[in-house]
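I have placed the structure first, in the form of structure tokens, so that the comments after it can refer back to it.
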Amino acid sequence: MNSLEVLFDKRGRCKPSKRSRVFERLSIFNENFSNDYYYKINVKEIELKEIYKRYVDNGIEVSNLPSLEIFQNTTEALLQEIESNPILDGMLNGPHVPFIIPSYDAKSDIGDDIESNILPMLSKSFHKYDSKAHFKSVFQGHSHLNDKIHYNENSGQDRLLANLSNQAVVGWYFPQAFQEYDYASQVERYSELPLPKNICLSGVHDIAASLIGTPDMLISEDFYSPILCSSGLKHQDERLVLMFKSYGPHLEFWCLSQMLTPNITQVSEQWSGGLTIFQSV
Amino acid sequence: MSGSAEILADHESLTDEEKRKRKDQSKVRPRVHQKIRDYFDNMIDGRISPILRLKINRSLCNFHCAHCCEEPYMSRDLKKKTGAIDPREQMTLEDYKELSRQADEYGIFRFVLTGGEPLLDKNLDKLIEALDPKKHLIILDTNGWTFDEEKAKWFESLGGYKVQISLDSFNEEEHDEFRSKKGSYQRVIRALNAAKKIGLELLISTCIIRDRVFTKEFEQLCDFCKVNDIPLYVTLAKPVGTAREQDDWVCVKKDVDALKYLEDTYNVFTHMSPSYGQPGKCITVKGINTINHDGEMIPCPYMDLSIGNVVKDSLSKVLERGMLNKWLGPYRDECIIGEHFGFINFHNQTVKNHLKESPYLPVPYEKGFKLAGKVK
Chain A
1 MNSLEVLFDK
11 RGRCKPSKRS
21 RVFERLSIFN
31 ENFSNDYYYK
41 INVKEIELKE
51 IYKRYVDNGI
61 EVSNLPSLEI
71 FQNTTEALLQ
81 EIESNPILDG
91 MLNGPHVPFI
101 IPSYDAKSDI
111 GDDIESNILP
121 MLSKSFHKYD
131 SKAHFKSVFQ
141 GHSHLNDKIH
151 YNENSGQDRL
161 LANLSNQAVV
171 GWYFPQAFQE
181 YDYASQVERY
191 SELPLPKNIC
201 LSGVHDIAAS
211 LIGTPDMLIS
221 EDFYSPILCS
231 SGLKHQDERL
241 VLMFKSYGPH
251 LEFWCLSQML
261 TPNITQVSEQ
271 WSGGLTIFQS
281 V
Chain B
282 MSGSAEILAD
292 HESLTDEEKR
302 KRKDQSKVRP
312 RVHQKIRDYF
322 DNMIDGRISP
332 ILRLKINRSL
342 CNFHCAHCCE
352 EPYMSRDLKK
362 KTGAIDPREQ
372 MTLEDYKELS
382 RQADEYGIFR
392 FVLTGGEPLL
402 DKNLDKLIEA
412 LDPKKHLIIL
422 DTNGWTFDEE
432 KAKWFESLGG
442 YKVQISLDSF
452 NEEEHDEFRS
462 KKGSYQRVIR
472 ALNAAKKIGL
482 ELLISTCIIR
492 DRVFTKEFEQ
502 LCDFCKVNDI
512 PLYVTLAKPV
522 GTAREQDDWV
532 CVKKDVDALK
542 YLEDTYNVFT
552 HMSPSYGQPG
562 KCITVKGINT
572 INHDGEMIPC
582 PYMDLSIGNV
592 VKDSLSKVLE
602 RGMLNKWLGP
612 YRDECIIGEH
622 FGFINFHNQT
632 VKNHLKESPY
642 LPVPYEKGFK
652 LAGKVK
């Protein structure tokens, strides 16, 4: 690949390779087809102070969070890192939200950590945002996640989660970087990209942290939102994938089958993998 | 970090009602119970077990409802337009028997009998027998006009499982006006009581147009259903059939979201509510399919485009074709015929073009859904 090739389009979506399997829309169904997605992320003006406050209000020990100043400076520096890179700056055409993963006593088993720490933290936060709405987690496949979730090779998630017991992580989540890609193509396309080591394929921890900072990211009265695939992580049963979705005003986490039929996997206009740029602080 | 999240494995995500029904079927209909279990075991492979909704008796009906999507299929409408009834070959009892066999083999366990008003079919008993009520749950749609206690007993004795009674307003006058039939509200109440007394499974089906979900009347209907322990199934008015030009009836996301709030308080659900361990999503092909009198299969009760004919092709072939259709198989949250104006325009334009050439619906697969292309 020519390293100067522009990788992201006007919507901030990574351009698929010839091998990528993506949902191909048909103009006959979209007479007024525009470059806009049907499924949209609800991102308004980013207020870093407000976002920071949501982590504090969620009961996270201040000692486990970076200061507001560090949060502001780090997010700014990360944006500049992308802006100054001509092959990456197109990422900024797409929606992006800042997040903090606080330092915490992370469990060594990723599935156990998701169930014991991450989902409860998100649930608490979402109820604060809308006490009438529910946060629900459903696992298909007759079992819990312990011992079943691993990093996707070369997804960079291992680097993101490496040192959470000692350091918090600040970053930006780009939820529509792989909009309309099937799950396997998100992983494959990421591995082909000449990205710096602090950009990974998004996973459960960074997406959940983003949903704590920006709880209405998937909630809108006006439009439907994408389903956020955590393709940086994989289930040992390859038919199952991890994802976040809204259900009207509600928020849900699913361990869901990606099989469209017994032989073919989903390739959906609504499913979207993301990219995460991060910095330990 | 602290806090707690409700974490449900898929078998635990069944509602209490769904669990009770599964348990009951193990005694009454072991084959149905087996198929439900198989569906759960194979769901993550991408196996489906959709409801098959059978439009019977040329959709004959005794009502003239304002929002009816079935009118263009009815003999009375076709006679007005062409001077004759639908000349296409209609499904015979033998065809239904074969459909039941193929459905059983596929793992399907639910048939809904609909019309029009299916109770007007004089051969309904023979049809239920042909469908094999030991192997399938037989569910009856009715406007309730003739469904009294005697009829409820009769349906139960044939092996009938559930009745779905339509009620379009909790306000008597409004319902009767919408249904263009004075007294129809009272007949619905009588039908509900009859079904309860005989011990049939039961639900109320109601159609909402934009903003109805925010009315006092709708709240009262929800309360009534809660107090009387009757599930309330809500359908969204679609701009098809007699309502084709009624774009202002189409619900917007705000209406649909309000229903999703209500699902946590009342036993209210739509075709897109999470159920049987699946998330809430558009259920074309994978959740429900309608079979027209001539065997054409339509992937949603409110569409007029076919995905194939189950008399001419095998059921499994038609279902696979539907699942691989770009707009029908892949995951989508919204109801495409009820909310997605891009799809609604395509659908209605395709129907309009077809009706210039032929008065008979649905539009054959080759002239409609085939154009959408296949998932690759």
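If you read the protein sequences in the order shown, they are chains A and B. According to my numbering, the first sequence holds residues 1 to 281 in order. According to my numbering, the second sequence holds residues 282 to 657 in order. By construction, the Cβ of each residue, glycine as well, lies at the ideal position given by its N, Cα and C atoms.
- In this structure, DSSP gives residue 422/B an extended state, which the three-state scheme calls strand.
- Within the region 303-330 of chain B, 324, 325, 326, 327, 328 place their CB atoms closer than 7 angstroms to a CB of chain A, listed in sequence order.
- With a threshold of 9 angstroms between beta carbons, residue 386/B makes no contact with chain A.
- With the rule of 3 Cβ pairs closer than 8 angstroms, the region 570-589 of chain B does not count as touching the region 223-232 of chain A.
- Per DSSP, residue 315/B lies in no beta strand (DSSP E); the unbroken alpha helix (DSSP H) holding it starts and ends at 311-323.
- Residue 479/B sits in a helix when the DSSP states are folded into three classes.
- In terms of beta-carbon proximity, residue 172/A stays away from the interface with chain B, with every pair separated by 9 angstroms or more.
- Taking 9 angstroms as the CB threshold, residue 75/A stays off the interface with chain B.
- At a cut-off of 9 angstroms, the C-beta of residue 264/A has a neighbouring C-beta in chain B.
- In summary, the residues of the region 134-157 of chain A whose CB is separated from some CB of chain B by less than 8 angstroms are 134, 135, 136, 137, 138, 139, 140, 141, 142, 143, 144, in the order they occur in the chain.
- In this structure, residue 507/B sits near residue 548/B, with a CB-CB distance shorter than 9 angstroms.
- In this structure, the straight-line span from the alpha carbon of residue 355/B to that of residue 364/B is close to 13 angstroms.
- With fewer than 16 other Cβ atoms inside 10 Å of its own Cβ, residue 495/B counts as exposed.
- A Cβ of chain A is located within less than 9 angstroms of the beta carbon of residue 654/B.
- At least one C-beta of chain B is nearer than 9 angstroms to the C-beta of residue 270/A.
- Listed by position along chain B, the residues whose Cβ is nearer than 9 angstroms to that of residue 222/A are 533, 534, 535.
- Sixteen is the threshold: since fewer than 16 other Cβ atoms of the shown chains lie within 10 Å of the Cβ of residue 63/A, the residue is exposed.
- Across the structure, residue 641/B and residue 359/B are spaced so that their CA atoms are roughly 8 angstroms apart.
- Taking C-beta atoms under 8 angstroms as the contact rule, residue 201/A and residue 190/A qualify, at a distance of about 5 angstroms.
- Residue 497/B and residue 242/A have their C-alpha atoms some 40 angstroms from each other.
- Chain-order list of chain A residues neighbouring residue 289/B: 136, 137, 138, 139, by C-beta distance under 8 angstroms.
- Contacts with chain A at 9 angstroms (Cβ-Cβ) do not include residue 640/B.
- When C-alpha distances from residue 387/B are compared across 552/B, 567/B, 623/B, 631/B, the shortest belongs to 567/B.
- Taking 9 angstroms as the cut-off, the beta carbon of residue 104/A is found no closer than this to the beta carbon of residue 224/A.
- Here residue 116/A is buried, its C-beta having at least 16 other C-beta atoms within 10 Å.
- Chain-ordered, the chain A residues with CB closer than 7 angstroms to the CB of residue 294/B read 138.
- Taking the Cβ atoms as the reference, residue 514/B lies roughly 17 angstroms from residue 295/B, outside the contact range of under 8 angstroms.
- Sixteen is the threshold: since fewer than 16 other Cβ atoms of the shown chains lie within 10 Å of the Cβ of residue 345/B, the residue is exposed.
- Within the same chain, and ignoring the five residues on either side of residue 478/B in sequence, the residues whose Cβ sits closer than 8 angstroms to its Cβ are 430, 433.
- The three-state reading of DSSP puts residue 120/A in helix, counting H, G and I together.
- In the DSSP annotation of this structure, the continuous segment of the alpha helix (DSSP H) that includes residue 604/B starts and ends at 596-604.
- Here residue 591/B is buried: its Cβ has 16 or more other Cβ atoms, across all protein chains shown, within 10 Å.
- Chain B places no beta carbon closer than 9 angstroms to that of residue 66/A, leaving this residue out of the contacts.
- Between residue 204/A and chain B, the shortest Cβ-Cβ separation is not below 9 angstroms.
- The region 40-85 of chain A is shown to contain whole alpha helix (DSSP H) runs of 4 or more residues at 48-57, 68-83, in chain order.
- Of the residues assessed, residue 152/A falls on the buried side of the cut-off, its CB having 16 or more other CB atoms within 10 angstroms.
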